[in-house]
Each structure stands twice: as C-alpha cells, then as structure tokens.
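Residue numbers (this note's numbering), protein chains in the order written: chain E, 9 to 162; chain L, 9 to 162; chain F, 9 to 162. No residue lacks a Cβ here, since even glycine has one placed at the ideal position from N, Cα and C. All figures in this text were calculated on a predicted structure; none of them were measured in a lab.
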Amino acid sequence: MSVEQRLKDLRIALPQVGGPLGNYVHAKQVGNLLYLSGKGPPDGSDGRMPKGKLGAGVSIEDGYRHARGVGLVLIAAIKDALGGDLDRVEGVVKVLGMVNAAPDFEDHPKVINGCSDLFVEVFGEHGRHARSAVGMSSLPGGIPVEIEVIVAIR
Amino acid sequence: MSVEQRLKDLRIALPQVGGPLGNYVHAKQVGNLLYLSGKGPPDGSDGRMPKGKLGAGVSIEDGYRHARGVGLVLIAAIKDALGGDLDRVEGVVKVLGMVNAAPDFEDHPKVINGCSDLFVEVFGEHGRHARSAVGMSSLPGGIPVEIEVIVAIR
Amino acid sequence: MSVEQRLKDLRIALPQVGGPLGNYVHAKQVGNLLYLSGKGPPDGSDGRMPKGKLGAGVSIEDGYRHARGVGLVLIAAIKDALGGDLDRVEGVVKVLGMVNAAPDFEDHPKVINGCSDLFVEVFGEHGRHARSAVGMSSLPGGIPVEIEVIVAIR
C-alpha cells in the first residue's frame with residue numbers, strides 16, 4: 009500500500025510547512041540520507057503557534073498531541089523534499105525529540121511517542137527509528153516540542 | 009586483538025540493555041552507519057536507576073562514572089545490533105553527550121569523558137570520535153547523563 | 009572561485025582551533041561525511057573565552073556575533089581536517105545550534121543565523137543546510153553558543 013493511501017485510510021491531512029525562521033532549508037539530502045531541520049507543532053485551532061513548557065503548565069497528553077503535530081509537519085516537509093512522493097521513504101533512521109521542559113520533568117519519552125507512534129502508523133515497520141527524547145531549557149518562540157529527523161530515501 | 013578479548017583483559021562485563029522507554033528501537037542501521045538511541049546509565053548497586061543533576065547534587069566524579077556506565081550500555085546495545093560481533097565496529101563516529109545540569113554548570117566535558125575514555129580503551133584509536141558535551145534542562149526519569157552515538161560498521 | 013579566494017574577498021581570517029577539552033577529536037570522517045565536534049566562540053579581544061546566557065545578560069546581537077565566531081572556528085576545523093583544502097567541501101549538511109539560554113528565551117534562530125549566514129557567505133548555495141536552533145540549560149565553560157555541524161566532502 010502506498011504511503012498516500014495509508015494517510016487517507018488514517019484520515020490524516022498533512023499541514024502546510026511554514027517558512028524557515030532563519031537562513032536555512034527545511035531539508036538537505038546527501039547520498040540516500042535526508043536531514044530534516046527541527047520543526048515545531050502546527051498552529052492550533054486558534055491560528056496561533058502553541059507555547060508552553062512540560063512540567064510547568066503543559067500536560068503530558070497535550071505534549072503528546074503537540075509531538076504528533078510535529079510529526080505531521082515533518083512528514084509534510086519530507087514530502088516537499090521528495091517532490092511529493094512519500095513512497096521514496098525507505099525508513100525513518102533517527103529522531104531527536106527536544107522537549108521544552110522544567111528542570112524536574114521526567115516524562116520526555118511519553119511526549120515524543122506522539123511523533124514516534126505517528127511514524128510507525130504511517131510508514132509501518134520502516135517507520136521504527138533510533139531516538140533520543142530530552143529536555144531543553146527553551147525553544148524558539150516558546151514552542152513545547154521541537155523534533156529533527158534523519159530519513160533514508162531511495 | 010578482538011574487541012571481546014580486550015573487554016576480558018580490561019575485566020569489563022557488559023550490562024543488560026533495558027527495553028526502550030517508548031515506541032522506538034535501540035539501534036537503526038543505514039548503509040554502514042549504525043545510529044544508537046540515547047541511553048542512560050545502568051542501574052546502581054541498589055538496583056535503582058541513578059537520578060540527579062550535575063551542579064546540583066551529583067559530583068563530577070559520579071557524573072564521569074555514570075557516563076562510563078552509559079558507554080557500557082551503548083557497547084552492549086551495539087553488540088546486540090551486530091548479532092553479537094563487536095569486531096564489526098569500524099569506528100566510533102559521533103557522540104552527543106547530554107548532561108542533566110544546573111544552569112551554571114560548566115564541566116560537561118569532564119563528565120562525558122567517562123564515555124569517551126571507555127570507547128578509546130575498548131576500540132583503541134578507532135574509538136576516537138567527534139563529540140559535543142552539553143547541558144540539558146532535564147532528562148527522562150531524572151537520569152544524570154544520556155548519550156547517543158553513531159558508529160561506523162563493516 | 010575558490011573558497012580561499014572568497015574568504016580573502018570577504019576579509020575573513022580564520023581563528024586558531026583550540027585543543028579538544030576532552031578525549032575526542034575535532035572531526036571524524038566516514039565515507040563522504042565529515043562530523044565536526046561541537047565548538048564554542050573564539051576568545052574575545054580581551055583574550056578570554058566569552059561567557060554568558062542569552063535572555064540573561066547576553067543580547068541577541070552579541071549572540072549572533074558569537075555564533076558567527078563559532079562558524080569561523082568550525083570552518084578552521086574543517087580546513088584542518090581536509091588537509092588545508094576547503095574546496096573539498098561539497099556542502100554543509102546539518103547544523104545543530106545550541107544556545108546557552110534562560111528558560112523563557114525565544115530567539116534562538118536569530119542567534120544561530122550568525123553561523124548560518126557565514127556558511128552561505130563562504131560556501132554559497134552549497135552552504136545552505138538543515139538546522140535546529142535550541143536552548144541548553146548550560147554549556148561547557150559557560151560559553152553562550154555551541155554549534156556542531158555535518159559537512160559533505162569530496
């Protein structure tokens with residue numbers, strides 16, 4: 009089954025990818041590796057970028073939801089980089105999940121699972137990846153989660 | 009000399025690798041690169057996962073020891089990923105050493121040396137790697153150190 | 009035009025690369041990828057290593073300047089690793105920009121642009137890269153910015 013078909017079956021619509029916040033590109037390919045820039049969650053239903061800190065106002069459930077949103081943005085950026093053809097994804101290699109977190113927060117894996125679960129739903133076994141899920145003192149614009157990923161392509 | 013022989017000579021016993029704390033895998037291979045997930049230290053002599061923050065209770069000496077422990081867990085995970093054959097390691101490429109640290113902590117390199125020194129002991133010159141050693145606001149479960157690594161394999 | 013010629017035209021002099029602060033190397037090559045260790049800014053005009061935190065004393069303008077300085081150190085380290093020949097750089101692949109930042113700091117991209125802008129000035133379109141710009145709780149020696157980079161070489 010094609011990835012696009014699976015997205016349809018899962019009723020997943022990919023968000024728009026906003027412009028880079030600096031002098032960089034969304035994705036850079038070298039050989040069969042595609043490096044994605046770190047992404048934040050898509051705008052909320054109020055049209056605003058989510059803000060907040062895990063362990064200081066943002067719940068684990070909301071963090072999971074934000075991380076899933078980041079995953080959607082990443083898949084949209086991957087699709088852009090691959091000329092619209094997600095079937096060129098051979099596998100997700102490595103995820104760095106960065107949580108905007110209070111000094112005593114301990115549940116980063118539960119948050120980043122939002123992105124990891126999505127990758128496995130969409131890409132199947134090839135979506136399984138190596139990962140770190142860690143706590144940052146702060147993130148651009150105060151977003152609760154930022155995730156970067158390396159993808160193998162064909 | 010084989011890596012296993014060197015481990016024996018150094019009287020190093022590899023720890024068990026615990027299950028992933030989320031929906032990911034310990035290691036993912038692409039081409040001749042093996043990406044390892046971020047790992048924490050093995051359980052202490054009290055059977056509990058170490059906790060604490062550098063610059064706020066955990067000494068540099070203990071941090072070094074924890075980082076060495078993380079290195080042992082990483083070598084065990086590499087061995088698992090390579091079907092038990094550590095001689096397939098061509099070299100350690102890149103280490104990201106993440107220290108659970110207070111805002112004014114400055115000695116991250118002295119902590120992460122615990123892992124770097126181990127890699128050079130075990131893999132010799134091929135164990136030398138590029139590295140960053142930096143301070144996180146928090147880490148999963150409150151562990152003092154988390155390290156991820158990229159290894160070149162044959 | 010050669011990269012050296014462009015450096016001359018831009019009146020850019022590369023700084024000395026200080027020794028590693030631990031048991032690691034400045035750069036490690038695997039295949040056509042060169043992984044650089046995380047670097048801090050060069051010493052200031054007072055001969056001392058810059059210190060301080062964004063959002064807690066260091067301005068965005070100074071942060072940008074420090075990030076540009078880190079970029080210069082990285083280019084110097086790349087040159088060393090390539091036997092002095094910067095024309096062997098095929099492209100900058102990935103930048104991880106780590107800002108020593110207060111918990112409420114939000115302008116990491118504006119800081120790390122100092123490095124990204126430099127890479128594009130020096131390497132042209134090939135200098136454009138994937139990137140994350142994030143906030144760390146602390147950095148070695150209290151430096152305001154640390155950046156690591158992956159470069160494709162020929």
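Residue burial classification, residue i (beta-carbon count within 10 angstroms, cutoff 16)
i	result
E/Lys-16	exposed
F/Glu-156	buried
E/Leu-80	buried
F/Ala-21	exposed
E/Arg-76	buried
F/Gly-135	buried
E/Gly-55	exposed
L/Gly-65	exposed
C-beta neighbour in chain F for residue i, strict 8 Å
i	result
E/Leu-29	yes
E/Met-144	yes
L/Leu-41	yes
E/Gly-77	no
L/Glu-114	yes
L/Ala-64	no
E/Val-33	yes
Contact check, residue i vs residue j, beta carbons under 8 Å
i	j	result
F/Ile-158	F/Leu-90	no
E/Asn-31	L/Asn-31	no
E/Gly-46	F/Val-142	yes
F/Pro-117	E/Pro-148	yes
L/Val-187	L/Asn-108	Because chain L here runs from 9 to 162, residue 187 of chain L falls outside it and cannot be looked at.
F/Glu-69	E/Ser-146	no
F/Val-101	F/Ser-124	no
L/Gly-150	L/Gly-60	yes
L/His-137	F/Val-128	no
E/Gly-105	E/Ser-140	yes
E/Gly-119	E/Leu-62	Note on residue identity: the sequence assigns Val, not Gly, to residue 119 of chain E. Yes.
Residue-level contact to chain A via CB, residue i, 8 Å cutoff
i	result
L/Lys-36	Included in the structure are the protein chains E, L and F, with no chain A among them.
Backbone CA spacing between residue i and residue j [nearest angstrom]
i	j	result
E/Leu-44	E/Asp-88	11 Å
L/Lys-36	L/Gly-27	15 Å
F/Met-144	F/Pro-111	9 Å
L/Ala-85	L/Pro-49	13 Å
E/Gly-52	E/Pro-23	11 Å
F/Leu-42	E/Asn-40	16 Å
F/Gly-92	F/Glu-12	10 Å
F/Val-130	E/Leu-82	29 Å
F/Met-9	L/Val-97	40 Å
DSSP state of residue i mapped onto helix, strand, coil
i	result
L/Gly-132	helix
F/Ile-20	coil
E/Arg-2	What is shown of chain E runs 9 to 162, which leaves residue 2 of chain E out entirely.
E/Leu-90	coil
E/Val-107	strand
F/Leu-80	helix
F/Ser-146	strand
Any chain E beta carbon closer than 8 Å to residue i
i	result
L/Met-57	no
L/Glu-154	yes
L/Pro-117	no
F/Ile-120	yes
Closer than 8 Å to chain L by CB, residue i
i	result
E/Ser-124	yes
E/Ala-89	no
F/Ser-45	yes
E/His-5	It is not possible to answer for residue 5 of chain E, since the shown part of chain E is limited to 9 through 162.
E/Val-130	no
F/Gly-149	yes
Residue i beta carbon near the ligand FMN (any heavy atom closer than 7 Å)
i	result
L/Ala-141	No copy of the ligand FMN occurs in the structure displayed, which carries no ligand at all.
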